[in-house]
Amino acid sequence: MRELVRSNPSIPWFLGILAAFCLGVTFLAEATGTGALSTSFVKTLGRTLCLCLVAIAMDVVWGYCGILSLGHMAFFGLGGYAIGMWLMYARTELIVAESLANAPIPPTPQEVEDAIASQIFGVVGASDFPAIWAFADSFVLQMAMVVLVPGLLALVFGWLAFRSRVTGVYLSILTQAMTLALSLYLFQNDSGLRGNNGLSGLQNLPGLGAVPQSVVSIAFFWASALALAAGYLAFAWAVSGKMGSVVRGIRDNEARVRFLGYHVESFKLFVFTLTAIVSGLAGALYYPQAGIINPAEIAPIASIYLAVWVAIGGRGRLYGAAIGAALVSLLSSWFTGGGAPDIDLGFYEIQWTDWWLVLLGVSFVAVTLYAPKGIGGLVDLIAERRRPARTGDLGPDTSALRKTEAAE
Amino acid sequence: MLPKLRALILAASALLLCLAPAAHAQDSALQDLLQTHAEEVADPGRRSVGALMDDLAASDLPGVARFLERWADKKVYLNKEDGRFYYGETEDGSFALRDIASDEPVGTAPAAAMEEIRPNGGVRRVISGALVEFQLSDPDRAARVDALDSISRRPTADQLGPLRESIEGEPDPALKARKERLANLMTARFGADTETRVAAIERLSGAVDLETRAGLSRILSAESGVAPDLPADANIARELEVGDDLTEADAYARLVGADLAAPLVTNADIRDALAANIEDGAVGGVPVAELSDPEARTRAYAALAEAGTVPPLVTPEEQAQAARAHVFYEVYDEPNPAVTDAASAALSEVEARVARHQVLDLGLDAVSLASIYFLAAIGLAITFGVMGVINMAHGEFIMMGAYTGYVVQQVIPNYTASLIVALPLAFLVAFAAGVALERLVIRHLYHRPLETLLATFGISIALQQLAKNIFGTQARPLTAPSWLDGAWVMNDVVGIANIRIAIFVLALIFLALLLFILKRTRLGLEVRAVTQNPGMAGSMGIDPGRINMMTFGLGSGIAGVAGVAIGLYAQVTSEMGSAYIVQSFMTVVVGGVGNVWGTLAGATLIGGLQKGIEWFNPSNTLAAQTYMILFIILFIQVRPKGIVALKGRAAGD
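Here the protein sequences line up with chains A and B, keeping their order. Each residue of the first sequence is one higher than the one before, starting from 112 at the first, in this note's numbering. Each residue of the second sequence is one higher than the one before, starting from 166 at the first, in this note's numbering.
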């Protein structure tokens, strides 16, 4: 542990700030404190923590391993779908049981299942459970799906992609194509996941109908914070030590690492699959707080935004990704939610609901051009120290192409 | 001839003698004919009117069609004073009369003397049926087309004769062909004897049109039936095997429908029956609480059935036995087997031909889709090939071109002129935007391809939102000039919209233009040099920066032109670019980077594939796209560098 902290001095800082933040929110929340923060805002903060977790995963796969994956939000969404299936099934089961309780004769298990199916799939004109809902009645099995579905998809896709040495821009576009294919598939009504209606009512936890949402929200907030802390520790461990060096080496010069005798494909596949699983878990925590999931959440644009967060926050440092995700997603909801004041230019009034995306796009370009280290680079200024040159602080591609040794 | 002569003589004598009243002077053959059937005209009934109709049709008089029309419109009146028929119109209390044959005004009559003739609905149908025969030879082409349409909607045996007669005098070749086809079809259905019908059916087997297909399948219409034994006298279409042609459940349902078996007792029936027969907390001796078990339910129901309160369960064995004891078949409505055999042979021949034509049509669709993809992707391919950067804002250049076309159309109302202005203007606008993007952003990001991807993505978000702010979220129309409307139609199966032909031609033009620029100009030479080895090209005095800028501008400009082309048949929205960007990437990746021929191959493959998949599953374009992307992911496994692989910087090494 001491070794881990020495190689990652950000761990105590990050965990400390996260703990302080959690305590602060708890004291201000409706259920556990003064009530200064509304339940919906606590939910927003909890969701933001989940986004931080998926951003850290993205940072590991992109900032450390050099794979610009445009598919991690798809894994995130798959995790959400997996948990959503159980939530929806279990809750509908309760509703159906209640409505069938008054029937003159008790229902058979088959009748109960048929009633649940027609309740859930009525919107897409079906009344049978598709095969993929086979485990939906079991929380444990469905939680296993949260891990298995994104993990297996990442494993198969990554195996196909890495073994044929698809790299760089090609790989990004291939992952984007995978994401697009997945979201188009889910948009179909006969995909078995309610088409573009998605899964809804996920905020109502089965069996906890009597517990107010304010309590549920703070519980989920804590669960998200714990997951984020655990994820941070796990990834900090993964990217430090020998394995971290190999992974960073792959980012900087894949061929050289291969010639040193490492099986590059296995390392990439491990990182890709591990981050996909963490993304799925983050999604499983996110969507019960969001309440609804539909295929639009999986569309390629979501994954691109994830890359934007990580880039703005600062690649190649875990806290940078978390900062970027939290800052940009909160700012985004502040601007698009009408929270930002309009600016009157005299001849034109800038309404931020219309102009936020323009601002985001332009500032993203500016960050890419002028501040490749992102917001995380500010930490370097504050700490008044530079990372040793061997970690390649010039960014993955420049340092790889650099002909001479680093100047300092 | 004779009645006309008589009319002439009558008219002449009336003129000479000046004795008869004016109305009598207008005496005519038609009036005479009507007078002989005066009762049927004045009070027509559906049954009695037949003889009159035959006489009218046989008389061949010029005013008959007009008379029939007005008769059906209730504009024929009977003058009770002289017992003659007139066309009449009310004019404040009195009637303006017109002669029945010549439609000339023949004076007025008091309203009291006139009796309106009101044919009922059945008679009006007979009249309009008779009218169709007259309309078949109407001088107005539209009237003839209407008549043909109405015949082909509800063909009857008695229309066949007039239709045949009208073929001879038909001046329009297309209509003549249609009449012949329709006559053939009707002969096939209503012909006098088997030989004429079979001959007519055989003549039909060369067609592909919908009318013939519908006609043939109408002859082959069949009803399903079930009986203990196959009926001997019926024209059996086919026998159905339970298990192969129809499921056991369907078979049993047909038996129930034909009252040959007892209806099934469904689970819902069991539940309702049990609920209705609860006595002292138990049904048939089984406590209610235990009834959540399906087996207990069956037991309880069996007990009820034993007691006779409910119909007994039909076991699967009983169902299978009932199905075995009967034959299931389809029987033709047409009793003559020779006719149905000939028709089914003809229909299968027609369908085989239709399938071939459908393949041709699919090919045309695929080519048109491929040309769109080619136009959308070629700009991307050359920038990727020459500079090794991928431009996520490429789709927004397409959008920019489309909006340029829209704005030009607001200024220049003439669609043709605005299109001629819009195409080069869209090129210039997108060219300028491309050059600006290259100078301001991409130039600083060479050697960082992943970051170029992201930076151009930032541009793409900003441009999309900007377009939304300027033009609003609703779709804007880009109207094609009228000469691009319509379609080139070969027959009912093969056809392609003119606009798609135009896009195909545009794609060909740009293919030729690009090949010319790359192979025959100084710029092209320099572009190829930079593509192969930028360092060496720089050493030879070529300015790679300038070449990059020009290439990027060229690629973007073509995207702008593609935008105008796409906007002409799809709607212009701020999101139209993102709809094409992934397809364009796929085209580039599949085709191979930085090569015009590669892009062409990629566009052809993807366009053909997409149409092919849609053909297998036409209801589901989403699934088609999903499968296509999966195919591409697998294709990359086989040929990671695309169909036409390229060496050099663009090869990504």
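Think of the CB as a built atom: it goes at the ideal place given N, C-alpha and C, for glycine as much as any other residue.
Cβ-based burial, residue i [other Cβ within 10 Å; buried from 16]
i: Val90/A; result: With chain A covering only 112 through 519, there is no way to say anything about residue 90/A.
i: Ser739/B; result: buried
i: His374/A; result: exposed
i: Phe458/A; result: exposed
i: Lys484/A; result: buried
i: Pro186/B; result: A caution first: Pro186/B carries a pLDDT of 42, below 50, which makes its placement in the model too unreliable to give a value.
i: Leu262/B; result: buried
i: Trp445/A; result: exposed
i: Thr714/B; result: This sequence places Met at residue 714/B; Thr is not what is there. It counts as buried.
i: Tyr481/A; result: exposed
i: Phe370/A; result: exposed
i: Thr145/A; result: exposed
i: Ala416/B; result: buried
i: Leu115/A; result: exposed
i: Ala261/A; result: The amino acid occupying residue 261/A in the given sequence is Pro; Ala does not appear at that position. Under this definition Pro261/A is a buried residue.
i: Thr412/B; result: exposed
Close Cβ partners of residue i (< 6 Å) along its chain, the five nearest in sequence each way excluded
i: Gly742/B; result: Gly560, Glu561, Ile563 and Met564
i: Leu313/A; result: Gly195, Leu198, Tyr398, Pro399 and Gly402
i: Gln191/B; result: Reliability of the predicted coordinates at Gln191/B is poor, the pLDDT of 47 falling under 50, and no value is obtained from them.
i: Phe475/A; result: Val419
i: Thr621/B; result: Asn556, Met557 and Ala558
i: Val606/B; result: Ala620
i: Leu679/B; result: Val761
i: Gly756/B; result: Gly763, Thr764, Ala766, Gly767, Gly807 and Ile808
i: Leu733/B; result: Leu643, Ala645 and Ile664
Where the beta strand (DSSP E) containing residue i begins and where it ends
i: Thr412/B; result: Taken as a continuous stretch (DSSP letters only), Thr412/B belongs to no beta strand (DSSP E), as it is neither H nor E.
i: Met196/A; result: No beta strand (DSSP E) holds Met196/A; the alpha helix (DSSP H) holding it covers His183 to Leu211.
i: Tyr459/A; result: Counting along the chain, Tyr459/A falls outside any beta strand (DSSP E), and DSSP gives it neither H nor E.
i: Glu254/B; result: Arg249 to Glu256
i: Thr273/B; result: Pro270 to Pro275
i: Met279/B; result: Met279 to Glu281
i: Val594/B; result: It is not in any beta strand (DSSP E) - Val594/B instead sits in the alpha helix (DSSP H) that spans Tyr580 to Leu605.
i: Ala261/B; result: Ser259 to Arg263
Residue i - containing alpha helix (DSSP H), residue span
i: Tyr373/A; result: Element bounds for Tyr373/A: n/a, residue is neither H nor E.
i: Trp270/A; result: Phe250 to Arg274
i: Pro209/B; result: Taken as a continuous stretch (DSSP letters only), Pro209/B belongs to no alpha helix (DSSP H), as it is neither H nor E.
Chain-order list of residues whose beta-carbon lies under 7 Å from that of residue i (same chain, five-residue window excluded)
i: Gln196/B; result: Arg249, Phe250, Ile265 and Ala266
i: Val291/B; result: Arg211, Val214 and Met218
i: Val357/A; result: Val368, Tyr373 and Phe378
i: Trp762/B; result: Val809
i: Ser259/B; result: Thr273, Ala274, Pro275 and Ala276
i: Phe355/B; result: Ala322 and Leu325
i: Ile479/A; result: Just to set this straight, residue 479/A is Thr in the shown sequence, not Ile. If we look at Thr479/A and ignore the five residues flanking it on each side, its Cβ neighbours are Ala422.
i: Asp530/B; result: Lys776
i: Thr617/B; result: Val554, Ile555, Ile607 and Leu610
Other residues of its chain near residue i: CB distance less than 8 Å, five sequence neighbours each side excluded
i: Tyr242/B; result: Phe250, Tyr251, Tyr252, Gly253, Phe260, Leu262, Met279, Glu280, Glu281 and Ile282
i: Ala295/B; result: Met218, Leu221, Ala222 and Leu233
heavy atom of the ligand NAP below 8 Å from residue i C-beta
i: Gln400/A; result: In the structure on display, the ligand NAP does not appear, and there are no ligands present to speak of.
Min CB distance residue i to chain D below 9 Å
i: Thr581/B; result: Looking at the structure shown, chain D is missing, and the protein chains on hand are A and B.
Whether or not the region 584–601 of chain B and the region 716–724 of chain B are in contact is what I'm after, with contact meaning three or more pairs of Cβ atoms, one per stretch, closer than 8 Å; do they touch? With three or more CB-CB distances shorter than 8 Å, the region 716–724 of chain B counts as touching the region 584–601 of chain B.
Would you list, in sequence order, the uninterrupted alpha helix (DSSP H) runs of no fewer than 4 residues that lie entirely inside the region 775–814 of chain B? You should have 786–803.
Every unbroken beta strand (DSSP E) within the region 387–415 of chain A, with a cutoff of 3 residues, ordered by chain: The region 387–415 of chain A contains no complete beta strand (DSSP E) run of 3 or more residues.
Pairing CB atoms from the region 293–311 of chain A with CB atoms from the region 339–356 of chain A, are three or more of them under 8 Å? Contact between the region 293–311 of chain A and the region 339–356 of chain A is absent, with fewer than three C-beta pairs closer than 8 Å.
Do the region 316–332 of chain A and the region 201–217 of chain A meet, that is, are 3 or more Cβ pairs less than 8 Å apart? The region 316–332 of chain A, when compared against the region 201–217 of chain A, does touch it at the 8 Å Cβ threshold.
Contiguous beta strand (DSSP E) assignments of at least 3 residues, all confined to the region 444–499 of chain B: Here the runs fully enclosed are 492–497.
Sequence ranges, alpha helix (DSSP H) only - wholly within the region 324–398 of chain B, length at least 4: Inside the region 324–398 of chain B, DSSP marks whole alpha helix (DSSP H) runs of 4 or more residues at positions 325–333, 338–355, 359–369 and 375–384, from first to last along the chain.
The region 463–480 of chain B contacting the region 410–430 of chain B, beta-carbon criterion three pairs below 8 Å: Here the region 463–480 of chain B lies against the region 410–430 of chain B, with 3 or more beta-carbon pairs under 8 Å apart.
Please confirm if the region 511–519 of chain B is in contact with the region 577–584 of chain B, defined as three or more CB-CB distances below 8 Å between the two stretches. When C-beta atoms of the region 511–519 of chain B are compared with those of the region 577–584 of chain B, fewer than three pairs fall below 8 Å, so the two segments do not count as touching.
Quick one: which unbroken alpha helix (DSSP H) runs of 4-plus residues sit fully inside the region 145–182 of chain A? Chain order, please. Counting whole runs of 4 or more residues, the region 145–182 of chain A contains the alpha helix (DSSP H) stretches 150–170.
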